[in-house]
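For reference, the structure is listed below as structure tokens.
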Amino acid sequence: ADCDLVRYCSDGCQREHKLQHEEACKKRVAELRDELLFKQPESTYLGDCPICCLPMPLDLRKAMFKGCCSKMMCKGCSHGNLMRELEERREPKCPFCRKPSVPPTDEESGKWIMKRIEAND
């Protein structure tokens with residue numbers, strides 16, 4: 032049987048029982064197909080968001096790179112952190128490493144990047 036709900040001892044037995052089982056079998060095959068189609072992947076090739084631990088979106092417009100700590104995170108976590116900080120009237124910071132979100136100067140930005148390169152991450 033395609034549905035894997037019933038096991039038969041022989042092909043003859045399966046043919047005899049087909050009419051009784053056919054409708055339930057078709058329904059279960061459709062359910063299995065839906066489960067396969069709509070199942071969330073365990074992860075993506077981009078890994079998981081370091082904040083919420085959900086798979087990173089495949090659409091890179093829905094993710095962002097933080098130069099301060101060299102982490103990719105989903106925009107949902109970044110946005111949630113920004114909203115919390117604005118609500119509490121705090122300076123926006125990276126949700127992962129808590130450094131200021133915007134480096135004060137280009138020179139400072141270069142130092143952050145070089146630090147991450149030296150750390151090999």
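Quick note on my numbering: the sequence shown kicks off at 32 and runs consecutively.
A virtual CB, placed ideally from N, CA and C, is assigned to each residue, including glycine.
Selection L63, D65, D90, A61 evaluated against T75 yields D90 as nearest (Cα-Cα). Where M95 is concerned, the enclosing beta strand (DSSP E) starts and stops at 94-97.
Looking at the backbone, the Cα of D65 and that of E54 are separated by about 17 Å.
Setting aside the 5 residues that flank it on each side, R147 is surrounded in the same chain by S101, each with a C-beta closer than 6 Å to its C-beta; the list follows chain order. Under the three-state reduction of DSSP, K102 is assigned to strand. The alpha-carbon of S109 is positioned some 14 Å away from that of D79. The beta-carbon separation of M114 and M104, rounded to 15 Å, does not stay under the 8 Å limit for a contact.
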